[in-house]
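One structure below.
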DNA sequence: CCGTCATTTCAGTAATTTCTGAAATGCATG
DNA sequence: CATGCATTTCAGAAATTACTGAAATGACGG
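Chains as they are written, first to last, in UniProt numbering: chain A, 1 to 183; chain B, 1 to 183.
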């Protein structure tokens, strides 16, 4: 496995960004390599392409699988595991959002509910703050569930509406208690 | 500064989650403490409440300021700096999204554009993949810009529409080339 | 079952990040 | 312009995370 300069550049960037994305450099690089490769790659391919140890590749792939970011494939007459990323970028985005929610949001929602279950503790401000935060997170996760239900085509329609979105909301029936707080 | 059990529990949770959110434990704890405190706190308050070093507090506050997550306040006749979090949770969410975009998305968008500027490199698959990724990120960042322009009231209206959202899109004028790909 | 090859695990090491105490800097007041 | 506080900086220590090579496990074909 030898890389083109374009691949090199892209892979190094993903490696650097890995930290910020909550994965390590190697995992970012493995993902970038798979993302740019049309054909599925096996662990040996990845190991040589990135000049890392075989065990590091194994751990990186395990991590990517735990994120549901790679797909396992098999090639006829070859017992090694091959990996790819989905062709559909929207599928990748959906996965990323779902997994980040699972890791970054859901545990906190659980904790907030747990704290509220314990009832008043004589700290009204903190209790109100926690309740408000829980409500907001619930609203956002419910919205995410709804967005997830939409077909990609609809999602793209919504996202490309631009300035028209405000106008469309005007036409919507008055569905909820938050609408028109003041006016 | 002595903490209630409720505060303790919440603060420890935010500390643990800090890693996953791309900040460290201390920064998460400082934020949690400020979030639950009605009155602004100074660095000394934070240092004693969390049993950390004064310098660690200083660095943590600097980090939170770089994220625009805390507000600096001053108290009459006291030359120390006091800190709070915004009362409005939606403002906090907007800030979080904006800052994460700045750190996690924008640099990659820049890099992708840079790679495309270099023109064809004889690797059509990788080039197509990069172009597709750039387009998707551009669509999402533009959508984010639009959402950001909406007043909170409108945002809440949109988010609480639930199942009605699909129906509303039906009523929307056909604005874009992605709509109705097949049918 | 045996041998071969692929993958995973794991203990030790390397690299990185976080935290501390001490020193330096900044800044308002008398 | 010295003094007293508040804050920041920074070098080293402590803690955590990432990576490697070697050994263990698994899985298939003969």
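Yeah, the Cβ is synthetic: ideal placement off N, Cα and C, and Gly gets one too.
One Cα belongs to residue 19 of chain A, the other to residue 103 of chain B, and the distance between them is close to 11 Å. Contact annotation: residue 57 of chain A and residue 39 of chain A have beta-carbon atoms that are not nearer than 7 Å. Sorting B:12, B:11 and B:152 by C-alpha distance to the C-alpha of residue 94 of chain B places B:152 at the top. DSSP places residue 150 of chain B in the coil class of the three-state scheme, outside both helix and strand. Closest by C-alpha distance to residue 154 of chain A, out of B:166, B:32 and B:41, is B:166.
As a beta-bridge residue in DSSP terms, residue 84 of chain A pairs with A:71. CA-CA distance, residue 115 of chain B to residue 172 of chain A, rounds to 43 Å. Separation of residue 168 of chain A and residue 142 of chain B (C-alpha to C-alpha, rounded to the nearest whole angstrom) is 18 Å. Under the DSSP definition of a beta bridge, residue 42 of chain B partners with B:82.
Ranking A:6, A:140 and A:117 by CA distance to the CA of residue 122 of chain B puts A:6 first. Inter-residue distance for residue 105 of chain A and residue 158 of chain B is about 21 Å (C-alpha atoms, whole angstroms).
The C-beta of residue 162 of chain A comes closer than 7 Å to at least one C-beta of chain B. Burial of residue 41 of chain B is indicated by the presence of at least 16 other C-beta atoms within 10 angstroms of its C-beta.
Among the residues of the segment 125-143 of chain B, those with a Cβ less than 8 Å away from any Cβ of chain A are 125, 126, 127, 129, 130, 132, 133, 136, 139, 140, 142 and 143, in the order of the chain. Going by DSSP, residue 98 of chain A is part of the alpha helix (DSSP H) stretching over 89-100.
Residue 33 of chain B is a Cβ neighbour of residue 11 of chain B, given a cutoff of 7 Å. Per DSSP, residue 162 of chain A lies in no alpha helix (DSSP H) segment and is marked neither H nor E. Not a single C-beta of chain B is nearer than 7 Å to the C-beta of residue 49 of chain A. The beta carbons of residue 3 of chain A and residue 31 of chain A sit no closer together than 7 Å. Closer than 7 Å to the CB of residue 172 of chain A there is at least one CB belonging to chain B. Under the three-state reduction of DSSP output, residue 1 of chain B falls in the coil class, being neither helix nor strand.
Within the same chain, and ignoring the five residues on either side of residue 137 of chain A in sequence, the residues whose Cβ sits closer than 8 Å to its Cβ are 105, 108, 109 and 112.
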